[in-house]
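Residue numbers (my numbering), protein chains in the order written: chain F, 51 to 242; chain W, 167 to 634.
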């Protein structure tokens, strides 16, 4: 995974609350056995009609969405299924961060493991972002600061170890493997 | 010693390395359940890093999500119709063989939905930590095990190290008092709890379901409640183990046997939350006020009592969008809504007691014309037990389809789908847009509401068909 320090991009806004992972990546695309190529199926049932044609008024089909790396979504994005195919699809499409007032637990974890920064902001900041789709926003992961178009800054909280991994381009599996001696000793101690 | 919750005891005994400000806890996992959909990329990662599965003895595999429920396809008389599903199933078989993971394969008598077979085989036990690449892993919490869903990267972590990096969640007590009224089931109770909490209300928490109503529930009913914890945003739900739990586990193939069982029970008795232990948050539910529930919208929090009307919520775009998708209007009744499909199945409600309750309503009647009623037992063992009781005949004689076990129409990955625009009363757990098929309209309900609706051809109150 490549190290991530700062993301600066226009935003795509999807104001609906409770956008579940079945919307982000419908189940019929889950028979894949790789992580690749899921971007084309991202939000498939909102993005394409019954004949597979792009739905004109869906945001990801507009020219403004091209190149955007930041998705601003309504409260509780990523609820439902644990499918990691949802963040894989978002990343493959080009997103690098998701901003909301609340991000579902499993989805947030899955984002962190795939180079997608989950940013939880207060209601007022969120409301201003929702009202200004396409605004250029900057996310500084090192200092955990979001810079809004008017140059005002908003701090955000991100789990420290996950942040360390994202900043350094390392993954958590390596860390867990380095704890092998402790795991063996735990297994012996507890007769597992 | 300070009074501790069940959750705190489970957490403390599984910390290999305690959490610090800089690093999450390394948490040991006692049981890792895997299936065909969320594991292929994890096995690929293992292969790329030249790693093996650390504890094959703590890892079990089954086929359920993209697995056919059609007998001829399942038993190989004809090819599996969905090519991508067939490929995924075969890749899983190969992965399990290569890494030495025990797989309950397509034709195995113990195969079934992962959250049904764990308890049924006695793999699920109080005091364990249990994970699976599936959000409904919360089901196993019914036994007083800390059980939660994980993503595929984490599946790989557990395969390689038998551990996960975790921050300690907060605790939420859901206190339920009062007897469940006539015709009101555990499914109705959990739908009411989700409505109360909201679909994000449990985010960051582990729920412990407590109170006299919960104590009076059977294990099957406790599993239905814990199963849907994730629909309120909580990764895990717990019920403290008690005599009901021990009686369920006694004699199960993977449960401790003989004197070892007695020793296990003595340990399990130390697990329940101590008197005076504090939860981060509590809510109270009066079960005696409930009636059978039905959902009207596109998330499991959007539910009403079956005699109520779809609520009006002015200036709420999400509510309006959900109603437009569902083809319903504010102020109308859902009861009486014609339906084209009824699905009795899923990890929420496909246990033997669910099939029995539905069959008692169906017996001697016919499924309404124009309704496709799919009955999918949760496991092959349940299927065979049901057949021994003649439940299959009850459903088949009524005009329902009796299938092999699997996730089936809960998410339609295997091709068991609801057609676009059609309504389906479903005993599953999610009514999200497109969950049961593109454009499908899901109405979540209990097995008895589903059965009554199949006979009536429309959403129907099961109480009129029950004998008191």
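All C-beta atoms, glycine included, are put in the ideal place defined by N, C-alpha and C.
Does any C-beta atom of chain F lie closer than 8 angstroms to the C-beta of residue 511 (chain W)? So, not an interface residue.
Contact list for the segment 79-96 of chain F against chain W, Cβ threshold 7 angstroms: Against chain W - using a Cβ distance shorter than 7 angstroms - the residues of the segment 79-96 of chain F are 80, 81, 83, 84, 85 and 95.
Give a yes or no on whether the C-beta atoms belonging to residue 125 (chain F) and residue 150 (chain F) are separated by under 8 angstroms. A distance below 8 angstroms separates the beta carbons of residue 125 (chain F) and residue 150 (chain F).
Go ahead and pull the three-state DSSP assignment for residue 163 (chain F). The answer is coil: DSSP assigns residue 163 (chain F) none of H, G, I, E or B.
Apart from the five residues just before and just after residue 539 (chain W), which ones in its own chain have a Cβ nearer than 6 angstroms to its Cβ? Contacts found: 508, 533, 566 and 620.
Using the beta-carbon count (16 or more within 10 Å), is residue 481 (chain W) buried or exposed? With a 10 Å radius around the Cβ and a threshold of 16 neighbouring Cβ atoms, residue 481 (chain W) comes out exposed.
If you draw a straight line from the alpha carbon of residue 289 (chain W) to that of residue 407 (chain W), how long is it in whole angstroms? Within the model, the alpha-carbon separation for residue 289 (chain W) versus residue 407 (chain W) is close to 15 angstroms.
Does the contact criterion of 3 or more C-beta pairs under 8 angstroms hold for the segment 291-302 of chain W versus the segment 406-424 of chain W? Touching, per the Cβ criterion.
List the endpoints of the continuous beta strand (DSSP E) containing residue 448 (chain W). Annotation: the continuous beta strand (DSSP E) that includes residue 448 (chain W) extends over 447-452.
Under the three-state reduction of DSSP, which class applies to residue 298 (chain W): helix, strand or coil? Strand, per DSSP.
Just confirm the distance between the C-beta atoms of residue 323 (chain W) and residue 222 (chain F), as a whole number of angstroms; I'd bet it's less than 8 angstroms. Between residue 323 (chain W) and residue 222 (chain F) the beta-carbon gap is near 7 angstroms, inside 8 angstroms, which marks them as a contact.
If I follow the unbroken alpha helix (DSSP H) through residue 210 (chain W), where does it start and stop? According to the DSSP assignment, residue 210 (chain W) belongs to the alpha helix (DSSP H) that extends over 206-214.
Pick out the complete beta strand (DSSP E) segments inside the segment 509-582 of chain W, 3 residues or longer, and give them in chain order. DSSP runs (the beta strand (DSSP E)) wholly in the segment 509-582 of chain W: 538-541.
Pair within 8 angstroms by beta-carbon distance, residue 219 (chain W) and residue 579 (chain W): Cβ atoms of residue 219 (chain W) and residue 579 (chain W): not closer than 8 angstroms.
Pick from F:71, F:189 and F:111 that is closest to residue 317 (chain W), judged by C-alpha positions: Here the closest residue by C-alpha is F:71.
Rounded distance between the beta-carbons of residue 343 (chain W) and residue 378 (chain W), thought under 8 angstroms: Taking the Cβ atoms as the reference, residue 378 (chain W) lies roughly 6 angstroms from residue 343 (chain W), within the contact range of under 8 angstroms.
Whose Cβ in chain F lies nearer than 8 angstroms to the Cβ of residue 251 (chain W)? Residue 251 (chain W) reaches chain F at 81, counting residues in chain order whose Cβ is nearer than 8 angstroms.
I'd like to know whether the C-beta of residue 160 (chain F) is nearer than 8 angstroms to at least one C-beta of chain W. The Cβ of residue 160 (chain F) sits closer than 8 angstroms to at least one Cβ of chain W.
The segment 569-590 of chain W: positions lying closer than 8 angstroms to chain F by Cβ: Taking 8 angstroms as the upper bound on Cβ-Cβ separation, chain F lies near residues 577, 578, 579 and 586 of the segment 569-590 of chain W.
Compute the beta-carbon to beta-carbon distance between residue 207 (chain F) and residue 198 (chain F), rounded to the nearest angstrom, for a pair I have assumed lies under 8 angstroms. Not a contact, Cβ separation roughly 17 angstroms.
Residues in the same chain with beta-carbon distance under 8 angstroms from residue 528 (chain W), minus the five sequence neighbours each way, listed in chain order, please. Only 560, 561, 564, 566, 617, 620 and 621 meet the Cβ criterion.
Where residue 281 (chain W) and residue 303 (chain W) are concerned, what is the direct C-alpha to C-alpha distance, given to the nearest angstrom? Rounded to the nearest angstrom, the two C-alpha atoms are 6 angstroms apart.
List, in order along the chain, the chain F residues whose C-beta lies closer than 9 angstroms to that of residue 191 (chain W)? Within 9 angstroms Cβ-Cβ: nothing; residue 191 (chain W) doesn't reach chain F, min ~10 angstroms.
With C-beta atoms as the reference, is residue 354 (chain W) less than 8 angstroms away from residue 501 (chain W)? Taking the C-beta atoms as reference points, residue 501 (chain W) is found no nearer than 8 angstroms to residue 354 (chain W).
Contact set between residue 211 (chain F) and chain W, taken where Cβ atoms lie within less than 8 angstroms: By Cβ distance, chain W contributes 188, 189, 190 and 331.
Looking at the unbroken alpha helix (DSSP H) that takes in residue 285 (chain W), where does it start and where does it end? Counting along the chain, residue 285 (chain W) sits inside the alpha helix (DSSP H) bounded by residues 280-286.
Measure the CB-CB distance between residue 296 (chain W) and residue 196 (chain W) and report whether it falls below 8 angstroms. When the beta-carbon positions are compared, residue 296 (chain W) and residue 196 (chain W) come within less than 8 angstroms of each other.
Could you tell me whether any non-hydrogen atom of the ligand NAP is closer than 7 angstroms to the CB of residue 390 (chain W)? The model depicted lacks the ligand NAP and carries no ligand whatsoever.
For the segment 146-159 of chain F, list every residue whose C-beta sits within 7 angstroms of some C-beta in chain W, in sequence order. Residues are counted here when their Cβ sits less than 7 angstroms from a Cβ of chain W; for the segment 146-159 of chain F these are 152, 154, 155, 156 and 159, given in chain order.
Say whether chain W places a C-beta atom closer than 8 angstroms to the C-beta of residue 232 (chain F). By this cut-off, residue 232 (chain F) is an interface position.
DSSP bridge partner residues for residue 198 (chain W) (one or two, in chain order): Beta-bridge analysis with DSSP links residue 198 (chain W) to W:225 and W:297.
Check the Cβ-Cβ distances between residue 238 (chain F) and every residue of chain W, and say whether any is below 8 angstroms. Chain W, which has no Cβ nearer than 8 angstroms to the Cβ of residue 238 (chain F), makes this no.
So the beta strand (DSSP E) residue 314 (chain W) belongs to, where does it begin and stop? Segment 312-315, the beta strand (DSSP E) holding residue 314 (chain W).
Taking the beta strand (DSSP E) that residue 54 (chain F) falls in, what are its first and last residues? From DSSP, residue 54 (chain F) is part of no beta strand (DSSP E); its letter is neither H nor E.
From the DSSP output, in three-state form, read off residue 175 (chain W) for me. Residue state, collapsed to three classes: helix.
DSSP state of residue 348 (chain W), grouped into three classes? Coil at residue 348 (chain W), not helix or strand.
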